[in-house]
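Inspection log for the structure reproduced underneath, given as structure tokens.
Protein chains in written order, with the UniProt record's numbering: chain C, 1 to 289; chain Z, 1 to 480; chain A, 1 to 309.
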């Protein structure tokens with residue numbers, strides 16, 4: 001407890017805002033909601049994003065897409081690794097935020113470590129997934145034919161309630177291949193997502209590649225699932241009862257949909273989350289002189 | 001040698017005697033032809049509007065029967081069967097398709113209206129090749145990159161269109177069976193006959209009953225199939241609008257979904273293109289199969305500096321297209337598949353004229369009976385015209401021009417679709433630069449409308465998701 | 001390409017290299033597709049007679065003799081002695097020293113004599129020798145000269161040398177028609193075939209011809225397709241029509257008809273006369289005659305019923 005006599009310094013609190021297009025705005029709606037710790041004590045007023053914030057986030061993600069997807073895979077890998085370095089530097093802050101969600105000190109430390117390692121794992125995929133998911137196809141005729149995986153575009157991610165490891169496990173695979181993301185953070189535990197945003201903002205990631213919204217998932221997710229300029233949705237963090245409705249909305253422009261699969265975040269992920277947001281592009285060319 | 005018609009080609013009809021069309025057809029369920037309980041429908045020859053046969057219509061109960069047969073076959077026979085044995089069945093089917101290829105080609109042309117040259121030289125060889133290709137995968141799935149022990153999904157409900165009836169059947173059935181699934185397939189109501197002949201091929205191959213079931217009918221039958229609780233997978237090829245409906249039906253279920261939908265492909269011709277081959281590619285891109293091709297190159301984007309010369313060559317080439325009897329071996333453009341499709345093509349073409357585009361067709365006589373539409377090109381088309389945005393699915397080309405490569409790519413991508421695209425330039429770096437930027441699943445550079453079982457096919461955006469063909473085509477039929 | 005900014009060799013090179021490219025796979029595909037045309041009944045009958053009338057009946061052997069040439073001329077005038085309705089062939093093609101023999105043998109038939117010249121088939125001789133060869137053939141009565149280009153000069157990029165040789169030979173020809181043999185089997189690419197075609201046409205060729213028949217491959221459908229596109233485009237650009245002659249490798253009626261289809265659907269019907277299209281061949285004639293008789297009688301014929309000359 002702070003000493004009311006003033007002999008101990010009063011902490012300067014952080015205002016938790018949204019992360020859109022590389023900037024940290026408050027919700028245009030002016031709303032916020034109370035984030036509590038595991039013992040239901042007040043921790044912060046997080047921004048409660050509106051549909052208009054979601055719209056702005058999609059615009060920012062779309063604007064960032066050509067540049068980000070046009071980077072070389074090596075460069076994306078470098079930038080993501082840089083993000084991991086910054087994550088490591090914020091380790092203590094993440095541990096503290098995780099402890100507020102009810103984890104013990106050692107659990108929180110383990111999760112923070114695992115999150116950094118997971119990010120590093122995905123960062124390394126940047127210049128490898130094409131070789132694994134692509135192919136040269138032996139067609140019957142005088143043609144060279146190859147298939148390459150390409151990012152699908154703007155991906156809306158409903159992040160799970162695993163506030164850090166789950167979060168990085170859904171964000172990293174989306175952007176490493178060149179997609180841009182609009183992330184709806186865990187509703188009860190959004191703070192690590194905003195801290196992650198601060199990490200992203202201070203690494204070399206271009207603005208708009210990742211956009212983070214905090215607020216009510218049930219309010220935001222339908223707008224994103226409906227949005228005609230979103231190419232895919234990851235419903236991992238959506239409430240099971242909301243999934244059918246969100247999938248139906250996603251059908252409006254035939255978004256790629258990743259359904260929740262309930263897999264444990266600690267398990268090695270495999271490439272499924274990468275390939276879920278990749279398009280296979282096949283190019284033909286004649287062979288002749 | 002003064003005669004005007006010194007080298008008019010005399011009719012060269014392919015013989016119809018290789019096919020034996022029965023008066024009526026039933027459903028193929030559990031290895032038997034059975035009656036349907038819906039109202040039977042007629043399938044007609046679109047080239048002369050004669051009735052070919054009465055075809056049974058599957059109602060909900062019939063679909064249920066077929067799904068149950070497929071489930072039984074999956075549980076008891078096909079699922080447990082070693083991959084190498086499944087492979088041999090598929091090889092058998094491939095061989096029988098080859099043995100009966102002329103019969104299948106003629107029947108396809110009669111029921112669909114496509115030229116025999118195409119059904120004979122394109123559709124049927126690709127059908128056989130597709131079964132051969134996926135046969136080889138059946139016992140190698142663990143090497144396909146989808147985990148050490150990938151499993152089949154179960155029963156696949158598959159709905160296919162009328163533009164390549166048998167080829168789309170092959171694209172659906174071959175990978176499904178190779179992966180160990182069983183199928184219930186619904187062919188399009190205007191082109192059911194080759195699917196029913198395929199049922200006979202399954203019997204000749206002694207494929208276990210229930211592994212392949214064919215239910216005929218229209219939209220209602222398709223709805224009953226994709227909505228059925230007993231299926232684990234839905235695969236659909238057809239219009240984006242129906243694809244959207246299916247995605248809504250499948251929402252919230254465990255069913256895996258792959259969709260192959262519409263397109264409005266840009267065929268981009270740069271000023272340094274090999275012009276004569278580009279003209280061939282444009283013609284092949286939009287007049288192949290009467291333009292009833294989801295990946296048709298229906299938007300020609302030509303660089304302004306060569307637009308005049310290219311269009312002159314294109315029109316001269318179009319004048320040599322031979323339109324008429326699909327069974328004539330010299331026919332290049334056959335009949336429109338149905339009255340409904342013809343009406344749609346007319347409606348959109350009329351809209352093109354109303355919106356101010358210039359319409360041109362070569363002089364050609366169209367038969368009095370049947371559904372026909374002359375190869376048509378619209379120039380002075382703007383991006384905002386309906387004929388530049390909507391899929392016409394007919395022999396109608398919209399020509400737009402561009403000035404810079406950036407503008408070409410921007411215009412090409414300015415569509416909700418993203419199935420295919422074409423690039424014509426002699427400059428290698430320009431091909432790769434353009435291909436990288438095109439948001440389309442298949443990019444043909446200096447060629448167009450090429451297909452191969454080893455080559456993945458499928459779209460971006462509203463052209464659907466999932467890929468058919470190649471290693472990638474297995475993914476839609478395996479659980480990771 | 002403006003002649004005000006470029007002249008001579010540079011202009012020629014710029015034009016030839018500025019022609020649209022040819023994609024081999026696309027060209028082969030187009031030719032193969034046209035080859036699937038099914039020409040039946042009345043069309044086939046018309047095609048066979050047209051093909052016969054386009055044949056340049058050819059003998060170009062070191063072992064040629066006056067007797068051999070006279071026999072060939074007799075065949076040219078009456079391809080099927082049993083059937084007077086068979087048209088005569090377009091020309092007889094021989095070496096320059098045998099032109100006189102052929103001219104005498106063909107007197108009054110209306111069949112022209114074509115002579116290969118300019119150090120056929122290699123084209124490797126001083127220009128003076130080539131011109132002398134040409135002069136001798138013309139003097140002996142040749143109505144058509146089939147010259148070969150200097151492929152070495154062409155492949156080394158010395159287009160001007162090739163151009164000037166053709167101009168010189170054309171001048172020497174006088175009234176005789178000049179066919180320029182590109183020897184496409186040695187040009188390696190279809191881009192080169194198109195360039196050589198334009199080069200020859202610009203230099204004054206009345207015909208462009210694929211091959212000597214001494215190099216493999218001789219005429220092929222894709223090569224002929226590209227040449228037909230070239231004469232079509234050249235007429236569109238200049239107003240002057242140039243003929244095309246595939247030579248060598250055309251042995252059956254089916255082959256011949258494929259070429260006619262190619263002409264019909266590429267350059268167009270304007271080229272479908274012996275004045276603008278020739279088939280350089282000899283063995284094809286008997287097959288055409290055999291197929292002709294099959295159409296007339298409904299019965300398959302045999303080689304013993306047609307003369308070997």
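Glycine residues also receive a C-beta, built at the ideal position from the N, C-alpha and C atoms.
Let me know the secondary structure DSSP gives residue 214 (chain A) once reduced to three states. The sequence position of residue 214 (chain A) within the third chain is 214, counting from 1. In this structure, residue 214 (chain A) counts as coil in the three-state DSSP scheme.
Strictly below 9 Å CB to CB, what residues from chain A border residue 139 (chain C)? In the first chain, counting from the first residue as 1, residue 139 (chain C) sits at position 139. Here the premise fails: no neighbours, minimum Cβ distance about 12 Å.
Positions along the segment 5-24 of chain A whose CB lies within less than 7 Å of some CB in chain Z: 20, 21, 22, 23
Inter-residue Cα distance where the pair is residue 276 (chain A) and residue 244 (chain A): For the purposes of this step, residue 276 (chain A) is identified with residue 276 of the third chain, where counting begins at 1. For the purposes of this step, residue 244 (chain A) is identified with residue 244 of the third chain, where counting begins at 1. Their Cα atoms are separated by approximately 6 Å.
Residue 157 (chain C) beta carbon less than 9 Å from that of residue 182 (chain C): As a first step, residue 182 (chain C) must be located in the first chain, where it is residue number 182. As a first step, residue 157 (chain C) must be located in the first chain, where it is residue number 157. Against a cut-off of 9 Å, the Cβ pair of residue 157 (chain C) and residue 182 (chain C) comes out as a contact.
Nearest to residue 62 (chain C) by alpha carbon, out of C:227, C:88, C:7, C:271? Along the first chain, read from residue 1 onward, the residue named residue 62 (chain C) stands at position 62. When each option's Cα is compared against that of residue 62 (chain C), the closest is C:227.
Would you tell me roughly how many angstroms separate the C-alpha atoms of residue 168 (chain C) and residue 283 (chain C), rounded to the nearest one? Taking the first chain and counting its residues from 1, the one referred to as residue 168 (chain C) is at position 168. Taking the first chain and counting its residues from 1, the one referred to as residue 283 (chain C) is at position 283. The straight-line gap from Cα to Cα measures roughly 33 Å.
Since residue 184 (chain C) is in the alpha helix (DSSP H), which residue starts that stretch and which ends it? By 1-based counting over the first chain, the position of residue 184 (chain C) is 184. Careful: residue 184 (chain C) lies outside any alpha helix (DSSP H), inside the beta strand (DSSP E) at 180-184.
Check whether chain A comes within 9 Å of residue 275 (chain Z), counting only Cβ atoms and requiring the distance to be less than that. Along the second chain, read from residue 1 onward, the residue named residue 275 (chain Z) stands at position 275. It does; some Cβ of chain A falls within 9 Å.
Pair within 9 Å by beta-carbon distance, residue 39 (chain Z) and residue 224 (chain Z): Within the second chain, residue 39 (chain Z) is the residue found at index 39, counting from 1. Within the second chain, residue 224 (chain Z) is the residue found at index 224, counting from 1. No; because the gap between Cβ atoms is not below 9 Å, this pair is not in contact.
When we look at the beta-carbon of residue 283 (chain A) and count the other beta-carbons within 10 Å, is it buried (16 or more) or exposed? In the third chain, counting from the first residue as 1, residue 283 (chain A) sits at position 283. Under this definition residue 283 (chain A) is an exposed residue.
Closer than 7 Å by beta-carbon distance: list the chain C residues that pair up with residue 441 (chain Z), in chain order. As a working mapping, residue 441 (chain Z) is identified with position 441 in the second chain. Within 7 Å Cβ-Cβ: 279, 280, 281, 282.
Residue 7 (chain C) bridges to which residues according to DSSP? In the first chain, residue 7 (chain C) corresponds to position 7, counting from 1. Partner(s): none; residue 7 (chain C) has no beta bridge.
Within 10 angstroms of its Cβ, does residue 194 (chain A) collect 16 or more other Cβ (buried), or is it exposed? To locate residue 194 (chain A), count along the third chain from 1; it is residue 194. Per the 10 Å Cβ criterion, buried.
Kindly provide the ranges of any beta strand (DSSP E) runs that are 3 or more residues long and lie completely inside the segment 154-231 of chain C, ordered along the chain. 154-158, 180-184, 210-213
Does residue 81 (chain Z) come out as helix, strand or coil in the three-state DSSP assignment? Sequence index remark: in the second chain, residue 81 (chain Z) carries index 81 (1-based). Coil, per DSSP.
Roughly how many whole angstroms lie between the Cα atoms of residue 66 (chain A) and residue 240 (chain A)? As a first step, residue 66 (chain A) is located in the third chain; it is residue number 66 there, counting from the start. As a first step, residue 240 (chain A) is located in the third chain; it is residue number 240 there, counting from the start. Approximately 37 Å, taken between the alpha carbons.
Tell me whether residue 50 (chain C) is buried or exposed, calling it buried when 16 or more other Cβ atoms sit within 10 Å of its Cβ. As a first step, residue 50 (chain C) must be located in the first chain, where it is residue number 50. By the 10 Å Cβ count, residue 50 (chain C) comes out buried.
Decide if residue 404 (chain Z) is buried, meaning its Cβ has at least 16 other Cβ atoms within 10 Å, or exposed. Along the second chain, one-based indexing puts residue 404 (chain Z) at 404. Result: exposed.
Just mark residue 2 (chain Z) as buried or exposed, buried being the case when its beta carbon has 16 or more other beta carbons within 10 Å. Sequence index remark: in the second chain, residue 2 (chain Z) carries index 2 (1-based). Low confidence applies here, because residue 2 (chain Z) scores a pLDDT of 36, under 50, leaving its location unreliable; read the following figure in that light. Burial call: exposed.
In the DSSP output, which residue or residues are listed as bridge partners for residue 512 (chain Z)? Nothing can be reported for residue 512 (chain Z), as the shown portion of chain Z is limited to 1 through 480.
Enumerate in chain order the residues of its own chain whose CB-to-CB distance from residue 300 (chain A) is below 7 Å, with the five nearest sequence positions on each side excluded. Within the third chain, residue 300 (chain A) is the residue found at index 300, counting from 1. 294.
Would you please verify whether the beta carbon of residue 244 (chain C) is less than 9 Å from any beta carbon of chain A? Here residue 244 (chain C) is taken as the residue at index 244 of the first chain, counted from 1. No - not a single Cβ of chain A is within 9 Å of the one on residue 244 (chain C).
Kindly list, in the order they appear in chain Z, the residues whose Cβ is closer than 7 Å to that of residue 42 (chain A). Position 42 of the third chain, counting from 1, holds the residue named residue 42 (chain A). Neighbours of residue 42 (chain A) on chain Z, chain order: 10.
Nearest-angstrom Cα separation, counted from residue 8 (chain A) out to residue 2 (chain A): By 1-based counting over the third chain, the position of residue 2 (chain A) is 2. By 1-based counting over the third chain, the position of residue 8 (chain A) is 8. Below a pLDDT of 50, predicted positions are generally treated as unreliable, and residue 2 (chain A), at 44, falls in that range; no measurement from the model is reported.
Among the candidates A:40, A:203, A:26, A:79, whose CA atom is the shortest distance from the CA of residue 52 (chain A)? Taking the third chain and counting its residues from 1, one reaches residue 52 (chain A) at position 52. The option with the nearest alpha carbon to residue 52 (chain A) is A:79.
Using a Cβ-Cβ distance cut-off of 9 Å, determine whether residue 143 (chain C) contacts chain A. Counting from 1 along the first chain, the entry for residue 143 (chain C) is found at position 143. Residue 143 (chain C) counts as touching chain A.
Anything in chain Z within Cβ reach of residue 47 (chain A), meaning under 7 Å, just list it in chain order. Your numbering for residue 47 (chain A) matches position 47 in the third chain. Those are 7, listed as they occur along chain Z.
So, for residue 329 (chain Z): in the same chain, excluding its five sequence neighbours on each side, which residues have a beta-carbon less than 7 Å away from its beta-carbon? Residue numbering aside, residue 329 (chain Z) sits at position 329 when the second chain is read from its first letter. 12, 14, 116, 117.
Spatially closest choice to residue 72 (chain C) from C:151, C:271, C:143, by CA coordinates: For the purposes of this step, residue 72 (chain C) is taken as the residue at position 72 of the first chain. Among C:151, C:271, C:143, the Cα nearest to that of residue 72 (chain C) is on C:151.
Along the segment 261-277 of chain A, where does the CB come closer than 9 Å to a CB of chain E? Name the residues. No chain E is part of this structure, whose protein chains are labelled C, Z and A.
Rounded to whole angstroms, what is the Cα-Cα separation between residue 415 (chain Z) and residue 65 (chain C)? Taking the first residue of the second chain as 1, we reach residue 415 (chain Z) at position 415. Taking the first residue of the first chain as 1, we reach residue 65 (chain C) at position 65. Going by the C-alpha atoms only, they are around 17 Å apart.
Could you tell me whether any Cβ in chain Z is nearer than 9 Å to the Cβ of residue 30 (chain A)? Position 30 of the third chain, counted from the first residue, corresponds to residue 30 (chain A). Yes, residue 30 (chain A) lies at the interface with chain Z (some Cβ there is under 9 Å from its Cβ).
Own chain, CB closer than 8 Å to residue 37 (chain C), minus 5 neighbours either side, in chain order: Your numbering for residue 37 (chain C) matches position 37 in the first chain. Same-chain partners within the cutoff: 43, 100, 101, 102.
Measure the Cβ-Cβ separation of residue 194 (chain Z) and residue 169 (chain Z) and say whether it is below 9 Å. Position 194 of the second chain, counted from the start, is the residue given in the question as residue 194 (chain Z). Position 169 of the second chain, counted from the start, is the residue given in the question as residue 169 (chain Z). Yes, these two residues count as a Cβ contact at 9 Å.
For the structure I just gave you, are there three or more beta carbon pairs, one from the segment 458-476 of chain Z and one from the segment 245-264 of chain Z, closer than 8 Å? yes
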